[in-house]
Amino acid sequence: MSAGRPRTWFLVAGGALVPVIVAWSLASTPADAARAPCPEARTQAAELNQAKARQAVRCLVNRERTGLRKLKLRGSLSGPALKHSRKMRRHRCLLHVCPGEPATLIQRLDRYARGAGARVGEVIALNGASASPRAVVRQWMGSAPHRHLLRGRFQHLGVGFSANARLAYWTVDLGARR
């Protein structure tokens with residue numbers, strides 16, 4: 003029986019045949035839910051706010067993690083990711099360390115990484131303001147080092163996004179704790 007297609011069955015109730023329509027939801031299984039569209043995935047960066055960009059990137063990255071643990075949003079990663087995206091935009095800097103930031107990623111993510119055994123990673127991107135979250139995640143997945151990080155053994159992510167009328171800067175910070 004195909005999902006989403008209604009079926010009519012007949013039951014006997016009070017001596018009469020009563021039609022019963024049974025329909026299955028298109029998102030009735032975890033596999034079906036994984037194929038559900040990610041909200042705002044195709045929205046241009048110039049039209050996104052921080053919350054929508056964060057949710058879209060998280061959804062799209064988790065889709066790429068087939069067979070792996072889904073990443074959970076963490077404010078202790080999203081805050082630094084947002085600050086980094088804003089720094090990149092302000093300084094026109096497409097680097098993991100921009101002027102005025104700590105010298106290393108682990109120092110920038112110190113609130114998350116406190117304690118022994120924390121691992122962190124980061125992917126960044128610069129695109130035109132017409133690029134969508136979907137285009138950015140595709141760009142990362144088309145690059146072996148970025149794909150390796152996004153599909154790595156992490157538990158959490160934070161997403162930062164900063165755009166003007168022409169350009170959009172994206173940061174995904176990844177983390178795992180023991």
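For the sequence shown, the working numbering assigns the number 180 to the last residue and increments by one with no breaks. Cβ atoms here follow ideal geometry from the backbone N, Cα and C, with glycine treated the same way. Keep in mind that this is a model prediction, so the values were computed, not measured.
How do the segment 152-169 and the segment 74-81 stand: do at least 3 beta-carbon pairs fall below 8 Å, yes or no? yes
How long is the line joining the alpha carbons of Arg-113 and Gly-144, rounded to whole angstroms? 31 Å
Residue nearest to Arg-155 in terms of C-alpha spacing, selected from Thr-173, Ser-87, Val-122, Trp-142: Val-122
Hey, how far is the Cα of Ile-126 from the Cα of Leu-111? 15 Å
Three-state class that DSSP yields for Val-139 in the structure shown: helix
3 or more residues per run - each beta strand (DSSP E) lying fully within the segment 51-136: 121-130
Can you give me the Cβ contacts of Lys-89 inside the same chain, cut-off strictly under 8 Å, excluding the 5 residues immediately before and after it? Cys-95, Cys-100, Pro-101, Gly-102, Glu-103
Ala-235 in three-state terms, based on DSSP: Residue 235 falls outside the range modelled here, since the chain spans only 3 to 180, and no answer is possible.
Does DSSP put Ala-38 in a helix, a strand or coil? coil
Reduced DSSP secondary structure (H/G/I, E/B, other) of Ile-23: Confidence is the limiting factor: at Ile-23 the pLDDT is only 45, short of 50, which leaves the residue's position unreliable, though a coordinate-based value still follows. If DSSP states are grouped into helix, strand and coil, Ile-23 belongs with the strands.
Beta-carbon separation (whole angstroms), Ser-87 vs Ser-164, contact threshold 8 Å: 4 Å
So Arg-149 and Leu-62 are in contact, right, with Cβ under 8 Å, and what is the actual spacing, rounded? That belief does not hold up - the Cβ atoms of Arg-149 and Leu-62 are roughly 13 Å apart, past 8 Å.
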